[in-house]
Amino acid sequence: MDKQYDSKLAEEKWYKFWEDQQLFDADPDSPKPAYSLLMPPPNLTGNLHLGHAMQHVIMDALARFKRMQGFDVLLLPGVDHAGIQFEGTLEKLLAKENLSKGKLGRDKWLERAWKFKDEIYASFHSTWKVMGISADWSREVFTMEPKVQRTVFEEFDRFWKEDLLYKGAYIVQWCPKCGTAIEDVEMEYEERKEKLYYVKYTLVGTAGKEWVTVATARPETIFADVAIAVHPDDPRYKSFVVREARKPLYKRGAPGEDRVVIIQDSRVDREFGTGALKITPGHDPLDYAIGKDHHLPLLHTIDKHGRMTELSGDLEGLKIDQAREQAAEKLEQLGALEKTEDYTHSVPICERCKTTVEPLISEEWFVKMTPLAEKALANMDKINFLPSSYKQILSEWIEHIHDWSISRSLWWGYRIPVWYCDKCNPHHLVGKTRDMIVSLEKPTKTCQTCGEHHWIQDEQVLDTWFSSGMWPLATLGWPGSQSSESLIADSEASLKADNSPEWNKMQKYFPWSFELSSGEIKYLWIARMIMLSLHFADQIPFSNMFFHGQIRDLQGRKFSKSLGNGIDPNQMREEWGTDASRMALYSYTAPGRDGRANKQTMDERAKNFRNFSTKLWNIAKFVLESSVLSHQSSDQARLEPGRIVQGDALHEDDWWIREELDKLITSVTKNIESYQLHLATESIYDFIWHTFADIYLEKSKTRRVEAQPTLEHVLKVSLQLLHPFMPFLTEELWSKLTGEKTESIMLSRWPSRR
RNA sequence: GGAUCCCUAGCUCAGUUGGUUAGAGCGACUCGUUUACACCGAGUAGGUCAGAGGUUCGACUCCUCUGGGAUCCACCA
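For what it's worth, the UniProt record's numbering labels the leading residue of the first sequence as 1, then goes sequentially.
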């Protein structure tokens with residue numbers, strides 16, 4: 001045996017060996033029971049980071065463990081196209097070449113996007129392989145491949161037929177920089193010190209003698225005010241109700257000019273400001289709700305680029321911040337500004353680009369979620385959540401569900417499969433089904449209204465989560481042969497031909513046995529998979545849902561490029577080897593617990609496990625060299641290490657270590673089965689180093705020949721127990737222990753007690 | 001404004017139904033290189049388990065409150 005373990009050599013050699021032997025592939029025809037793990041598809045945005053590495057390494061350990069236990073394991077990998085995030089990444093790249101979406105145009109841009117996708121893909125693959133991930137690469141799925149397209153179309157089409165889809169003008173959270181509506185869950189909040197402006201609205205017919213003062217942080221939106229609301233029980237404003245006031249900023253000739261009506265609404269907070277609230281339905285969610293209930297008109301003073309509209313008079317074209325300043329100045333000049341106060345509040349910003357989010361009115365597609373939510377809530381008990389508290393957290397969110405806005409103004413993603421007759425329905429309104437069709441490809445039929453053929457597809461794409469929410473089903477080929485008629489009727493033959501009954505075969509793996517995620521996307525992704533799977537397949541998507549914590553920096557901040565506090569898993573692996581890096585990660589996998597690390601602390605940990613590799617290597621060296629020494633006397637025992645030499649009573653040390661080993665088998669098995677990988681790895685580590693090596697092996701030196709069968713047995717079982725976590729080293733030593741001709745440790749049977 | 005989680009050795013963290021002297025790794029210190037291993041071995045120091053009450057024969061573990069930190073939710077203009 002070599003003096004030192006060469007981890008790099010072993011990694012290359014064994015990964016290739018496993019792939020060549022097809023040891024990672026699932027077999028739907030196998031009589032073995034299924035155990036399925038669905039890899040959360042990383043976003044197509046660049047390199048895999050430490051968090052991904054942790055996720056994949058957790059899944060891999062479970063997959064390897066279950067294979068050894070005799071399951072037909074499916075560990076299915078994939079990648080998510082990640083609409084907004086991908087576009088953002090590509091945009092930055094293009095900017096360096098002085099290019100942009102606008103300059104390229106849709107077709108050229110898409111061409112470029114697909115190329116970029118391939119580059120990222122290649123980098124993902126190399127990382128996965130060097131991390132030793134034993135996924136079934138033959139079944140890898142990308143969220144924008146034809147298989148998923150079928151699923152997504154089916155999803156949309158069924159929603160449509162079930163009358164759960166609608167399009168309408170709604171107040172959405174709009175990111176002016178990304179140029180698209182985003183979900184509440186895609187926003188963050190940032191504490192900002194701003195000003196609260198106390199603005200006077202004089203009452204009509206009092207010659208400026210009476211007025212209402214309104215406190216607002218957004219004087220620039222006064223142009224779009226349509227009312228002032230007060231609380232019904234507020235005595236201060238009883239006499240004002242139903243009267244009209246003049247807003248101090250308005251555009252001459254604009255609808256309603258300067259008039260706003262004073263209304264009552266119990267949603268107004270009497271304690272805040274003056275207790276009077278200006279109502280701007282076009283630019284504030286609460287105002288929108290109040291405005292809708294009181295049948296107030298909608299005015300727009302800010303457009304989708306974050307600039308003031310024509311309604312804003314002199315301020316037209318200005319950015320919001322500038323407009324605010326100028327509006328304040330104007331109010332001052334007009335004597336309408338009573339006072340200003342410092343005001344700290346949290347402002348919604350876009351999670352991705354950190355731009356201030358603007359509530360705006362936009363035409364968007366929505367899915368009615370109530371029926372899906374009800375079904376999900378009734379089935380939450382069927383899923384085992386780790387930590388268990390997530391069941392309640394998710395249930396509460398689902399209970400308070402609101403309709404899901406699924407359209408995004410992007411190019412990267414699934415174009416909404418709706419076609420409008422450009423002649424009969426030029427504004428692409430919805431509700432007139434005669435001149436619109438849901439179809440994957442351009443309809444061949446004619447418009448029922450005009451009898452002609454002017455079909456134009458909806459410009460927007462579907463929210464990324466509309467497809468990733470179907471991940472558990474899409475990856476297995478749902479709906480297979482059960483797909484709906486419109487797919488077949490309205491689409492090209494290529495899709496029909498590809499419409500294999502894969503789903504029937506792959507249902508063996510559904511629901512998935514195990515899924516994992518960071519808590520961050522519990523609503524965006526996890527809750528939706530639960531709702532969608534139950535809705536479409538009538539089953540929960542997975543029976544075990546594991547939420548891991550996040551690794552943060554030493555101050556507890558998230559890793560981010562801008563902070564430069566990230567840790568590169570590739571670099572770690574380069575320096576300490578894959579197995580050691582994996583072990584370092586397992587120590588952070590207590591369910592739901594965040595961990596803190598920087599480059600240095602991660603290195604310390606990885607180094608420790610690198611040393612552990614060496615330790616184990618040396619243990620094996622000792623055992624195997626001893627076996628050479630004792631070759632003549634106990635040949636039999638060497639060939640079958642577990643076998644106790646007949647007629648010999650075991651030495652008390654042998655009994656002891658075998659007892660300890662049995663206890664280890666029990667605890668490791670139990671800990672992996674309950675997804676406590678940090679405990680499993682710790683106990684194996686402790687046993688091998690501090691029980692087996694430090695105590696037993698030392699003692700055995702005085703009676704080597706007699707101890708040899710036990711030494712070999714304990715080593716062999718230790719390797720098996722460790723294999724899910726340190727696959728390369730254990731395979732390497734396994735081959736040395738059992739002889740090069742024997743089969744992979746992956747095919748060995750998970751140890752059980754004597 | 002609600003909700004959840006966390007505060008254990010200098011640092012990063014374990015501690016699964018409450019039960020004997022509270023653990024690991026790294027770091028520190030003292031010894032030790034006699035062939036498995038210095039990427040090592042033997043050992044030492046270091047914690048009133050955030051604080052205060054309560055339940056209990058017994059609490060790091062359960063309950064209440066206080067302080068500190070994190071996260072999530074919510075229509076605070």
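Built from N, CA and C at the ideal position, the CB exists for glycine as well. The model shown is predicted, which means the values in this text are computed figures rather than measured ones.
{"query": "Given L661, which residues of its chain have a CB within under 7 Å of its CB, disregarding the five upstream and five downstream residues?", "result": "V714 and V717"}
{"query": "Leaving aside the five residues before and after I540 along the sequence, list all residues of the same chain whose C-beta is less than 8 Å from its C-beta, in chain order.", "result": "N379, K382, I383, P511, I530, S533 and L534"}
{"query": "So, R528 versus G469, is the Cβ gap smaller than 8 Å?", "result": "yes"}
{"query": "Could you tell me the boundaries of the beta strand (DSSP E) in which G168 lies?", "result": "L165 to C175"}
{"query": "Taking C-alpha atoms, which residue in Q4, L76, G70 and F17 lies nearest to L516?", "result": "L76"}
{"query": "Are there 16 or more other CB atoms within 10 angstroms of the CB of E11, so buried, or fewer, so exposed?", "result": "buried"}
{"query": "Where does the unbroken alpha helix (DSSP H) through residue 755 begin, and where does it stop?", "result": "Since the first and last residues shown for the chain are 1 and 754, residue 755 lies out of range."}
{"query": "Note down the Cα distance separating I745 from D603, rounded to an integer number of angstroms.", "result": "29 Å"}
{"query": "Quick one: grab the DSSP three-state call for E19.", "result": "helix"}
{"query": "Can you check whether the CB of A224 is closer than 8 Å to the CB of T151?", "result": "no"}
{"query": "Quick one: give me the first and last residue of the alpha helix (DSSP H) that L664 is part of.", "result": "E652 to E673"}
{"query": "I believe K147 touches G477 by the beta-carbon criterion, under 8 Å. Please report the beta-carbon distance rounded to the nearest angstrom.", "result": "6 Å"}
{"query": "Give me the DSSP bridge partner(s) of F622.", "result": "None, per the DSSP bridge assignment."}
{"query": "Does Y35 come out as helix, strand or coil in the three-state DSSP assignment?", "result": "strand"}
{"query": "Which of the three DSSP states is assigned to Q326 in this structure?", "result": "helix"}
{"query": "With DSSP run on the structure shown, which of helix, strand or coil describes K508?", "result": "helix"}
{"query": "Cutting at 8 Å between CB atoms, please list the residues of its own chain near D553, excluding the five before and the five after it.", "result": "F559, L563, N565, R596, A597 and N598"}
{"query": "Ordered along the chain, which non-local residues of its own chain (more than five positions away) have a Cβ less than 7 Å from that of Y685?", "result": "F612"}
{"query": "With a threshold of 16 other CB atoms inside 10 Å of the CB of P443, please say whether the residue is buried or exposed.", "result": "buried"}
{"query": "In whole angstroms, what is the alpha-carbon distance linking D2 and L90?", "result": "48 Å"}
{"query": "Which residues does DSSP pair with E364 in a beta bridge?", "result": "G168"}
{"query": "Going by beta carbon distance, what residues of the same chain come within less than 8 Å of S395, once the five residues before and after it are set aside?", "result": "L377 and M380"}
{"query": "Taking the alpha helix (DSSP H) that R246 falls in, what are its first and last residues?", "result": "R246 -> not in any alpha helix (DSSP H); beta strand (DSSP E) instead, spanning E244 to R246."}
{"query": "Considering R528, what are the terminal residues of the alpha helix (DSSP H) in which it resides?", "result": "R528 to A537"}
{"query": "Could you work out which residue in R593, S134, G451 and H400 is closest to C421 when comparing CA atoms only?", "result": "G451"}
{"query": "Taking the alpha carbon of T730 as the point to measure from, which residue in M39, R64, P28 and D27 has its own alpha carbon closest?", "result": "R64"}
{"query": "What are the complete beta strand (DSSP E) segments, minimum 3 residues, inside the segment 297-359?", "result": "337-350"}
{"query": "What are the boundary residues of the beta strand (DSSP E) that M572 is part of?", "result": "No beta strand (DSSP E) holds M572; the alpha helix (DSSP H) holding it covers P569 to W576."}
{"query": "Please name the residue in G291, Q600, W465 and R158 whose C-alpha comes closest to that of I228.", "result": "G291"}
{"query": "Cβ atoms of I361 and H428: under 8 Å apart, would you say?", "result": "no"}
{"query": "Within a Cβ cutoff of 6 Å, which residues of the same chain sit near E194, ignoring the five residues on either side of it in sequence?", "result": "A217 and Y343"}
{"query": "Roughly how many angstroms lie between the CA atoms of K505 and W18, to the nearest whole one?", "result": "25 Å"}
{"query": "Does the segment 97-111 come close enough to the segment 158-167 to have 3 or more Cβ pairs within less than 8 Å?", "result": "no"}
{"query": "By the three-class DSSP mapping on this structure, what secondary structure does V714 have?", "result": "helix"}
{"query": "From the DSSP output, read off the bridge partner residues of K193.", "result": "T344"}
{"query": "Looking at the strands, I want to know which residues DSSP matches up with R552.", "result": "R596"}
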